[in-house]
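In what follows, a single structure is set out as structure tokens and then discussed.
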């Protein structure tokens, strides 16, 4: 596997401009892009001219892909993969990847995993679910194979009790999965007083929250935590973590992607790999901030920090509350696991809120006194559901403590829809 590090920023920009113009030249073979780019002088003479290209969003791609069918595709022959997007949105849409594109994406994913410290010597328990049309399953295995890891294909397609049995049988030093799966495994390990010793945890899809990482650290105190990479099914790989990145910090995967930030802080990504169904200046749905200064790893690729998603801020009539606020409050209770879901619904013109949170142990399930304490904490700490509850026209506010795994997972991926807002359905 080649090193994707550029010696300096100028060299990277020359490479990116060349790749970008190649992508644009292919893109206009698709009816959608041919019409969208009418009147734009191509090829671009500098990366600054990328701003001439219109920004598109997921909804645009969903609409075009579903109603116009082939309008997004630059060719209709040759092999391809078809992956689903929008795992937690509740709406299934699709993106096509040429076979050659998919190989390049897996190369980028492998580079990112190696950059954060995954090595050929590691025994990796891959607990990614083999979900229908999900990129995660195929990409993760191919990336680990490229690195040359010792791979345990355990998946997340069986009950967590069985998963832990496999882990105890095989004794991996590295665990790979999405955050709800990792938390469930840790809970089961605690219940069974498992001696499983994990050194590295690679999390995919959504970042670990502070509370989730704290909980996993209490179960596996020797473990370090690493993002398996940042990307989007509509775009492909966007960022990776080196060993010096923490939390949601990422380097841009410069050979594969161009990253911009709009005036509102939203990330706009352009794939330098996708040619069958190009993704050019796409608004992914996350907000970022740039990280200044040089990274101790020595790489010249810019770094950014993922911020809270706009859909993780729940707006009401007077003010709002965020999932971060909720997670911080719920994290004060050792009886609870750092896994929750918020349901909002309308009752006449008023809002009902139900928060489901999974228990860390069975004794906490349906514990009225515990639920009352959580309710009091949330009301005291979050003005939107406390002091400003009447101003926000909130009728009911309930806390339900459910068993581990009691919050429904997205069938294909194992993810949790953290917010179900029926007010706008």
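In our numbering, the protein residues as written are 527 to 951.
Glycine residues also receive a C-beta, built at the ideal position from the N, C-alpha and C atoms.
{"query": "In chain order, each beta strand (DSSP E) run of at least 3 residues that lies wholly inside the region 658-729", "result": "676-678, 700-704"}
{"query": "Alpha helix (DSSP H) runs wholly inside the region 550-604, at least 4 long, in chain order", "result": "557-562, 584-593"}
{"query": "Euclidean distance between Cα positions of residue 627 and residue 605", "result": "11 Å"}
{"query": "Outcome for residue 564 when other beta-carbon atoms lying within 10 angstroms are tallied against a minimum of 16", "result": "exposed"}
{"query": "7 Å CB neighbourhood of residue 692 in its chain, flanking five on each side removed", "result": "680"}
{"query": "Contact under 8 Å by Cβ, residue 759 with residue 724", "result": "no"}
{"query": "Per DSSP, the bridge partner or partners of residue 783", "result": "797"}
{"query": "From 569, 925, 662, residue whose alpha carbon lies closest to that of residue 878", "result": "925"}
{"query": "Cβ-based neighbour list, residue 593, same chain, cut-off 8 Å, excluding 5 preceding and 5 following", "result": "Residue confidence for residue 593 is low, a pLDDT of 46 falling below 50, so the modelled location carries little weight and cannot support an answer."}
{"query": "Beta-carbon proximity of residue 814 to residue 840, cut-off 8 Å", "result": "no"}
{"query": "Span of the beta strand (DSSP E) around residue 863", "result": "862-873"}
{"query": "Bridge partners - residue 938, DSSP secondary structure assignment", "result": "Answer by DSSP bridge pairing: none, since residue 938 is not bridged."}
{"query": "Among 729, 900, 828, nearest to residue 536 - alpha-carbon criterion", "result": "828"}
{"query": "With 16 other Cβ atoms within 10 Å as the buried cut-off, status of residue 972", "result": "In the structure displayed, the chain extends from 527 to 951; residue 972 sits before or after that span and is not available."}
{"query": "For residue 541, the three-state DSSP class (helix, strand or coil)", "result": "helix"}
{"query": "Beta-carbon gap between residue 581 and residue 931 smaller than 8 Å", "result": "no"}
{"query": "With 16 other Cβ atoms within 10 Å as the buried cut-off, status of residue 944", "result": "buried"}
{"query": "Buried or exposed by the 16-neighbour rule on C-beta atoms within 10 Å, applied to residue 645", "result": "exposed"}
{"query": "Buried or exposed by the 16-neighbour rule on C-beta atoms within 10 Å, applied to residue 768", "result": "buried"}
{"query": "Close beta carbons around residue 630, own chain, < 8 Å, minus the five adjacent residues each side", "result": "782, 799"}
{"query": "Bridge partner(s) assigned by DSSP for residue 630", "result": "DSSP lists no partner for residue 630."}
{"query": "Per DSSP, cross-strand counterpart(s) of residue 765", "result": "756, 778"}
{"query": "Beta-carbon proximity of residue 897 to residue 862, cut-off 8 Å", "result": "no"}
{"query": "Rounded C-alpha distance that separates residue 659 from residue 917", "result": "44 Å"}
{"query": "Range of the contiguous beta strand (DSSP E) that encloses residue 744", "result": "Residue 744 -> not in any beta strand (DSSP E); alpha helix (DSSP H) instead, spanning 736-745."}
{"query": "is_contact[residue 837, chain D] using C-beta, thresh 8 Å", "result": "Annotation note: the requested chain D is absent from the structure, which comprises a single protein chain."}
{"query": "Which listed residue (712, 818, 851) has its alpha carbon closest to that of residue 1000", "result": "Only positions 527 to 951 of the chain appear in this structure, which leaves residue 1000 out of reach."}
{"query": "Distance between residue 889 and residue 860 (C-alpha atoms, nearest Å)", "result": "12 Å"}
{"query": "Own chain, CB closer than 7 Å to residue 553, minus 5 neighbours either side, in chain order", "result": "559, 600, 804, 806"}
{"query": "Alpha-carbon spacing of residue 731 relative to residue 949, whole angstroms", "result": "27 Å"}
{"query": "Cβ separation of residue 908 and residue 706, assumed to be a contact under 8 Å, to the nearest whole Å", "result": "Incorrect: roughly 23 Å between the Cβ atoms, too far for contact."}
{"query": "Residue 770 beta carbon less than 8 Å from that of residue 821", "result": "yes"}
{"query": "Reduced DSSP secondary structure (H/G/I, E/B, other) of residue 610", "result": "strand"}
{"query": "Local Cβ density within 10 Å of residue 652, reported as buried at 16 or more and exposed below that", "result": "buried"}
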